[in-house]
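Notes follow the structure.
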Amino acid sequence: MEIKPYTFELLCRIRKTSPLIHNITNFVAMNSSANILLALGASPVMAHSIDEVAEMTAIANALVLNIGTIQEDWMESMLVAAKAANQKGMPVILDPVGAGATSLRTRAVKRIMDETTIAVLRGNASEIFSLAASSIKTKGVDSSLALSAQIVEAAKEMAREKRCIVSISGEKDLITDGTRVLRVANGQPVMTKVTGVGCGLSAVTAAFCAVAREEILFATTAAFALYGLCADLAIQISDKPGSFFVAFIDSLYTVGEKDIDSLLLVSEE
Amino acid sequence: MEIKPYTFELLCRIRKTSPLIHNITNFVAMNSSANILLALGASPVMAHSIDEVAEMTAIANALVLNIGTIQEDWMESMLVAAKAANQKGMPVILDPVGAGATSLRTRAVKRIMDETTIAVLRGNASEIFSLAASSIKTKGVDSSLALSAQIVEAAKEMAREKRCIVSISGEKDLITDGTRVLRVANGQPVMTKVTGVGCGLSAVTAAFCAVAREEILFATTAAFALYGLCADLAIQISDKPGSFFVAFIDSLYTVGEKDIDSLLLVSEE
Amino acid sequence: MEIKPYTFELLCRIRKTSPLIHNITNFVAMNSSANILLALGASPVMAHSIDEVAEMTAIANALVLNIGTIQEDWMESMLVAAKAANQKGMPVILDPVGAGATSLRTRAVKRIMDETTIAVLRGNASEIFSLAASSIKTKGVDSSLALSAQIVEAAKEMAREKRCIVSISGEKDLITDGTRVLRVANGQPVMTKVTGVGCGLSAVTAAFCAVAREEILFATTAAFALYGLCADLAIQISDKPGSFFVAFIDSLYTVGEKDIDSLLLVSEE
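Protein chains in written order, with numbering that gives the first Met the number 0: chain A, 0 to 268; chain B, 0 to 268; chain C, 0 to 268.
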């Protein structure tokens, strides 16, 4: 798999076919996720009522479940939507925002992963680690060790056990299917100073998976790399969070083959 | 009716009197609708609880109902608010986001239109078409035909039947009272690449109707034209969605008589 | 208390320790409050479900309650969270958005203030006045009199009665503990043309109180002054609301000791 041409190919497919991405996401990230998807070329829709989620999933091309600001009835809607997505073989991306912070969130993620099939789990190191088997987990994770050997093992084991891609945003992103481990070095620290940027990557991952055939490991890697690359372009405009985010949205809209060819930083461990 | 001086007159009234616009709208567009109304000179308020909507409507000057991210209890609040608005003769603007996509949304719009009196229905061609009488509707609408003769007929018939203004955003906007058909050529394609821009127009239409007396057809046309004109001004700053939207907000704040006189593009069919 | 060095000291503490600010806030301001807190250097979390608010408060350093877009079940969550915060002695900041506009909102504020202990109440003059004892209140407040003697008296009395800081945003902000009255002259009128700016100040006040020890009166004053100062910096970039807000976020991220020393405008009455 040549990741650069593949990334560009998927980007072109997104822009050409405008896949419909059904988001059941948190209140904070709804607006930014929609704008990120639109700038990329995808079509976002937000719908959470149990009275319509199955129908919306039926016409969508990928589903994003994001548990930030979760509440009980939204949880039920997520399960209904994920089951509908599973039935039609459509990719489901799960963003475990704040898993480990409260038992409601940890429980929500576990329930979704137990009762439905997830294509990609995308979070930060602390969230992913909080979901790892207790055999791996010791006493919480020091964020400075975020992408340490311990986390790599936890991610690989989880990917094998759950048969999904596990992807971790960090200084150097990690994407694994349980066997192979890919790394993305694109991205900028200021991304952590803007809300919804992680959630937006989950949405972008959904768009990439929506237009990929089988290669979800590489589609996820392509999403991470392109997203980080757009931050690398935006930082040239501004390194302050307000104007950086504006430039980042602009970059998602304008990023092209030349940028990908010269700036994409993906490696395999 | 001279549309240019009328548009400027309504804009001045909005800026002078700051009409209070009560929005029961979707989670994605709440922030952007509020900012759009503030930049224009109106006063937005968002309130959806059934325990306060009637009271809020009582002190407001116009009501916006927007069914994106609708759920059952919000639906009930919309009906209560619309009835309160009808009782005091205050204009209600309905934005049927995603009508046709799920039965919940189609049903929500039909129920609002059956049980209350709407002043203006504002959507895109596919949404409006999904609500048209089956006598008009054939097998869905090709978006390339969006503003074709078929849509014009559907809009006119709906306007006559429901005794409201039907307005459709598109390459060339359409506003009709069932008899007259007005067209607005202002606006930019990049508006479809920013979330909440359509919803924002519904809110702006509410502000214009709030300060108009009887001429709702022309107030709606003025709202569409001014909104598109602000996009025409913003595109001169940037044609990329992130920075375009920032410039668009700025334009709503600074747009003046000279811009209206030289750039407003309204015609009658 | 030297307010300039104290303001800078608290800012440094926020940037160094990234206090976790638990927000139960309205749908409109969630995204902007999160971005404002991130730019400042704090860590925002939004969580409203009654199934997790106590746990979230337990790991947080301050709590913001904001009643814009309030609904019954969120109200219950606010009470649970505030009680958990009180138990651990963590500051609670209450933003009474729209108090006085509907009985639901007025009742919500009164219930929170009756059943829990608030460290800081932050609103505009009309909101604070609507909550004042009827002995003070006559027939509503003319906004042109917003910070008149009448309001100062109402704020002082409320602060003494409720044993909290009462702070009022306006042309010249007022912060009082019932005895002392501090004034902040920083800030720009265009702040009222961007949604969520007042809500964002409540969040910033929470961040300052989170890192202060006992001096809540001065921590609140420092928050107001720094916030207004960032607006004073941003207005030099743009005086239009879209681009002003982008520059304002950037200023929160870059503001430093030199700006504070030369531009902070705090006085005592």
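Here a beta-carbon is modelled for each residue, glycine too, at the ideal position from N, C-alpha and C.
Three-state secondary structure assigned by DSSP to residue i
i: B:V96; result: coil
i: C:L9; result: helix
i: B:L263; result: coil
i: B:I236; result: coil
i: A:T137; result: In this prediction, A:T137 scores a pLDDT of 44, lower than 50, which makes its location untrustworthy; the coordinate-derived value is nonetheless stated afterwards. Coil at A:T137, not helix or strand.
i: A:L172; result: In the sequence as displayed, the identity of residue 172 of chain A is Asp instead of Leu. Looking at A:D172 - three-state DSSP - the assignment turns out to be strand.
i: B:N185; result: coil
i: B:R121; result: strand
i: C:D25; result: Just to set this straight, residue 25 of chain C is Asn in the shown sequence, not Asp. In the structure shown, C:N25 sits in coil (DSSP, three-state: anything other than H, G, I, E or B).
i: A:P297; result: The structure shown does not extend to residue 297 of chain A, since chain A is modelled only from 0 through 268, so no value can be given for it.
i: A:I49; result: coil
i: C:S201; result: helix
i: C:V193; result: coil
i: B:S166; result: strand
i: C:V151; result: helix
i: A:V254; result: coil
i: C:S143; result: Note that C:S143 has pLDDT 49, beneath the 50 cutoff, so the model's placement of it is unreliable and no number is given.
Neighbouring residues, chain B, relative to residue i (Cβ below 7 Å)
i: C:N30; result: N30
i: C:G197; result: Near C:G197 there are no residues of chain B at all, since even the closest Cβ is about 12 Å away, more than 7 Å.
Contact set between residue i and chain B, taken where Cβ atoms lie within less than 8 Å
i: C:V27; result: M29, N30, A33 and M45
i: C:G97; result: V44 and A46
Under 8 Å by beta carbon: chain A residues contacting residue i
i: C:M55; result: A100 and T101
i: B:D193; result: The displayed chain sequence assigns Val, not Asp, to residue 193 of chain B. Chain A residues near B:V193: N34 and L37.
i: C:D249; result: S237, K239, P240, G241 and S242
Beta-carbon neighbours of residue i, restricted to chain C and to distances below 8 Å
i: B:Y333; result: Not covered by the structure: residue 333 of chain B. The range shown for chain B is 0 to 268.
i: A:R307; result: Given that chain A is displayed from residue 0 to residue 268, the structure contains no residue 307 of chain A and the question cannot be resolved.
Partner residues on chain B for residue i, Cβ-Cβ distance less than 9 Å
i: A:I23; result: Correct list: empty, because the minimum Cβ distance to chain B is about 10 Å.
Listed by chain order, chain D residues near residue i by CB distance under 8 Å
i: C:I58; result: Looking at the structure shown, chain D is missing, and the protein chains on hand are A, B and C.
- Item | Under 8 Å (Cβ pairs) to chain A, residues found in the stretch 60-92 of chain B | If the cut-off is 8 Å between Cβ atoms, the stretch 60-92 of chain B has G67, T68, I69, Q70 and E71 near chain A.
- At a cut of 8 Å, does the stretch 19-35 of chain B reach the stretch 53-63 of chain B through at least three beta carbon pairs? Output reads yes: the stretch 53-63 of chain B touches the stretch 19-35 of chain B.
- Message: Is it the case that the stretch 251-260 of chain A contacts the stretch 246-253 of chain B, given that we only count it when at least three CB pairs across the two stretches are under 8 Å?
- Response: No contact exists between the stretch 246-253 of chain B and the stretch 251-260 of chain A.
- Return the chain-ordered ranges of every beta strand (DSSP E) run that is complete within the stretch 51-117 of chain C and spans a minimum of 3 residues. Segments of the beta strand (DSSP E) lying fully in the stretch 51-117 of chain C: 61-65 and 91-94.
- Query: Is it true that the stretch 199-209 of chain B meets the stretch 37-48 of chain B, where meeting means three or more beta-carbon pairs spaced less than 8 Å apart?
  - Reply: Yes: the two stretches touch, three or more of their Cβ pairs being nearer than 8 Å.
- Query: Which residues, taken in chain order from the stretch 110-126 of chain B, show a beta carbon closer than 9 Å to some beta carbon of chain A?
  - Reply: So nothing in the stretch comes that close.
- Message: At a CB distance below 7 Å, what residues from the stretch 236-247 of chain B approach chain A? Give them in sequence order.
- Response: So the list reads K239, P240, G241, S242 and V245, given in the order they occur along the chain.
- Message: Under 8 Å: do the stretch 168-177 of chain C and the stretch 94-101 of chain C share three or more Cβ pairs, one atom per stretch?
- Response: They do not touch, by the three-pair rule.
- Message: Quick test of the definition: if touching needs 3 or more C-beta pairs under 8 Å, does the stretch 84-92 of chain B touch the stretch 62-70 of chain A?
- Response: Flag = no, the stretch 84-92 of chain B and the stretch 62-70 of chain A do not touch.
- Item | Residues of the stretch 8-19 of chain C with Cβ closer than 7 Å to any Cβ of chain A, in chain order | Here the close residues number zero.
- Message: Quick test of the definition: if touching needs 3 or more C-beta pairs under 8 Å, does the stretch 223-232 of chain A touch the stretch 182-189 of chain A?
- Response: A contact between stretches requires three or more CB pairs, one per stretch, nearer than 8 Å, and the stretch 223-232 of chain A meets this requirement with the stretch 182-189 of chain A.
- Query: Taking three-plus beta-carbon pairs below 8 Å as touching, is the stretch 165-172 of chain A in contact with the stretch 119-126 of chain A?
  - Reply: Yes: at least three Cβ pairs fall under 8 Å.
- Are the stretch 195-203 of chain B and the stretch 147-164 of chain B in contact at 8 Å, needing three or more beta carbon pairs? No, the stretch 195-203 of chain B is not in contact with the stretch 147-164 of chain B.
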